[in-house]
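Asks: Going letter by letter, the sequence shown gives residues 1 to 185 in my numbering.
Note that the Cβ used here is the ideal one computed from N, Cα and C, for glycine as well.
Computed from a predicted structure; not experimentally measured.
One structure coming up, written as structure tokens, with questions to follow.
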Amino acid sequence: MKLRITGILLGVCFFAGLIVLLPIGQSVLGAPVTDLASSNVRGGRAGVVVELFTSEGCSSCPPADKLLSSLAASQPIEGVEIIPLSEHVDYWNRLGWADPFSSPIFSERQREYSDALYSLGLAVPFLLTSLGINQFLKFYNRFRSHLHQLEVFSGVVLIVLGAMIFTNQLTRLSGYFSFLNRFAL
């Protein structure tokens, strides 16, 4: 029985590098894999390769390495077999600690992913986020222009409630809000 290869390309940036979910039809060095034996996937689940670009010389890589390990151990997505792949890049080697597992092939692969993701228009979410923040700030500025009236109104309400408590007239409000009794526990 052969496994049908399906999937999407999805990039997520973490502290340590780029984690990319790929269809299992792509091998480590980019050579296409057309058929895989079903024994490579437990329980008939679809295989998804999760690539982590990491380095022993990177100070923020251990959290991402730990995340990759936990994904592999927990297999959190139903119907999907996560196949973890840790690829050690060599550009951290210049900082003094040479990663013995690093390879320029993995650094080039990460650059190719970065170029491909950018050229595919995956910078659009950042643009949309920027526009969303801009719209929120416009709303907030409009809200701020009315903030003084809100402060005055709430101050008047507090003064009236204080006066009603002082004069023992707070029970008068219960008649105005009796419709809320149906919500009482």
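(1) Around the Cβ of PHE106, are there at least 16 other Cβ atoms within 10 angstroms (buried) or fewer (exposed)?
(2) When the distance is taken between beta carbons, is SER102 closer than 9 Å to GLU51?
(3) Threshold first: 3 residues or longer. Then list the beta strand (DSSP E) segments lying entirely within the segment 71-96, N to C.
(4) Report the partner residues of PHE177 according to the DSSP bridge assignment.
(5) ALA116 and GLY57 - do their beta-carbons sit closer together than 9 Å?
(6) My output table needs one value for THR54: the three-state DSSP class, helix, strand or coil.
(7) Whole angstroms are fine: how far does the CA of ALA64 sit from the CA of ILE77?
(8) Smallest Cα separation from TYR113: which of ARG182, SER178 and PHE53?
(9) Tell me whether the beta-carbon of CYS61 lies closer than 9 Å to the beta-carbon of SER69.
(10) Let's test the definition: count the other Cβ atoms within 10 Å of the Cβ of VAL89 and tell me whether it reaches 16, buried, or not, exposed.
(11) For GLY47, list the residues DSSP reports as bridge partners.
(12) Do ALA72 and ILE83 count as a contact pair if the criterion is CB distance below 9 Å?
Replies: In brief:
(1) Taking all protein chains shown into account, PHE106 has 16 or more neighbouring C-beta atoms within 10 Å of its C-beta and is therefore buried.
(2) no
(3) For secondary structure counted as the beta strand (DSSP E) over 3 or more consecutive residues, the segment 71-96 holds these complete runs in sequence order: 80-88.
(4) In the DSSP output, where bridge partners are listed per residue, PHE177 has none listed.
(5) In this structure, ALA116 does not lie closer than 9 Å to GLY57 by Cβ.
(6) strand
(7) 18 Å
(8) PHE53
(9) At the C-beta level, CYS61 and SER69 stay beyond 9 Å of one another.
(10) buried
(11) GLU81
(12) yes
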